[in-house]
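*Asks:* Dumping the structure here so I can ask a few things about it.
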Amino acid sequence: MTEYNNELKLNLKNLPHIIPSNIKKSSFNIKMSDGEIIKCYLIEPKNIDNDLPVIFYTHGGGFFAPISKSMFENAFFFANNLNCRVFMPEYRLTPKYTAPTQSNDCYESLIYIYDHFKDFKIDINKIITYGESAGGCLATLVCQRAYDENKCKIIGQVLIYPVIDNNIENYDSMSEYNKGVFSNVTADSMWKLYLKNSKKLKYSIPINRINFKDLPPAYIEPHEIDVFRDEAICYGKKLWDDNVYAEINLIIGSYHGVDSERYANYFQKILKHRCKIINSMFKKEFN
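All the letters of the sequence shown, read from the start, carry residue numbers 1 to 287 under the numbering used here.
If you want it as structure tokens, here you go:
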């Protein structure tokens, strides 16, 4: 399993992607509280010196895969179309590192960026989190911790077919679509690698939070053909129950990992709708 993971990580990391001529991609290092150093990518429009809104993008990949080609391409698209700066932390991965390392890396990266807002030329009043799949899990965990510790104001969260709950037997979609990109077996294996021997770690499982009140408004995008569909919907309802504004946009006929269908017309429509949502969050009209 470890050899397979290492080979997959290498292949994903080496996939080529074309950076648009008006977009700049760079990276910097951040020292974590445990002394380890992680890389964070910055995707931004070229030659813009004024403060810009922020998308803090926590990538998917089952907690074990690095940032992929399609994720960088999403970041290029957002930076170009929303005139914002996109930060993508390359958090530490399973199986070598287990929870809560991943959410800690993401949260500490966000706080570092927030504390250095002048250097990065960001508008600290316009920060949203964005993540797909396991990255959706981390995006909402960052929101939870940011609210609890009151060190950074997040104005919205965008969760794309997010991973939310390790109790996979609670959801019909786990058995209904278990032959897709993710199956119930691979979902179970993912959670076991991530959580290892503990299921009670704070900021590791989004659904375990007791009080969701006052968390940032959320756009939740479950896809019909996906084992994680029902838990994403369940999370949205949890937010509703605590009077948090959430829009659940179920994409009929689509599947987990559709972002890899980069140039398909139907995916371009989905991506443009996400841009519309994010723009409304930046304008503080998403409520």
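Idealized CB from N, CA, C, for every residue including glycine. From a predicted model like this one, the values you see are computed outputs, not experimental measurements.
1. Taking the straight line between their C-alpha atoms, what separation do you get for Y266 and I225?
2. Whole angstroms are fine: how far does the CA of V142 sit from the CA of S33?
3. Taking C-alpha atoms, which residue in M281, N287, E285 lies nearest to T129?
4. Three-state secondary structure (DSSP) at L195?
5. Any heavy atom of the ligand MG inside 8 angstroms of the beta-carbon of I43?
6. Within 10 Å of its beta-carbon, does I220 have 16 or more other beta-carbons around it, so buried, or fewer, so exposed?
7. Quick one: what does DSSP say K25 is sitting in, helix, strand or coil?
8. How many angstroms separate the CA atom of V158 from the CA atom of E132?
9. Which term fits N343, buried or exposed, when burial requires 16 or more other beta carbons within 10 angstroms of its beta carbon?
10. Which same chain residues, not among the five before or five after T94, have their C-beta less than 6 angstroms away from its C-beta?
11. Check for me: the alpha helix (DSSP H) holding D105 runs from which residue to which?
12. Can you tell which of E90, N150, N50, E231 has its C-alpha closest to the C-alpha of Y57?
13. A75 and I55 - do their beta-carbons sit closer together than 9 angstroms?
14. Answer yes if the segment 176-188 comes into contact with the segment 239-252, meaning at least three C-beta pairs across the two stretches below 8 angstroms, and no otherwise.
15. By DSSP, does H223 sit in helix, in strand, or in coil?
16. Would T140 and P162 qualify as a contact pair, given that the criterion is a beta-carbon distance under 9 angstroms?
17. Determine, using beta carbons only, whether I127 and I160 come nearer to each other than 9 angstroms.
*Replies:* Walking through what the data contain:
1. So the two alpha carbons sit approximately 15 angstroms from each other.
2. If you draw a straight line from the Cα of S33 to the Cα of V142, it comes to about 16 angstroms.
3. Its Cα nearest to that of T129, the residue M281 stands out among M281, N287, E285.
4. In this structure, L195 counts as helix in the three-state DSSP scheme.
5. Annotation note on the ligand MG: not contained in the displayed structure, which lists no ligands.
6. It is buried - the Cβ of I220 has at least 16 other Cβ atoms within 10 Å.
7. Strand at K25.
8. Going by the C-alpha atoms only, they are around 8 angstroms apart.
9. What is shown of the chain runs 1 to 287, which leaves residue 343 out entirely.
10. Spatial neighbours of T94 in its own chain (CB-CB distance under 6 angstroms, excluding positions within 5 residues in sequence) are listed in chain order as F63, F64, L193, Y194.
11. 101-115 is the span of the alpha helix (DSSP H), which, as asked, contains D105.
12. Comparing Cα positions, the closest option is E90.
13. If you check the CB distance, I55 and A75 come in under 9 angstroms.
14. No: the two stretches stay apart, fewer than three of their Cβ pairs being nearer than 8 angstroms.
15. Three-state DSSP puts H223 in a strand.
16. Contact: yes.
17. Contact flag unset, no.
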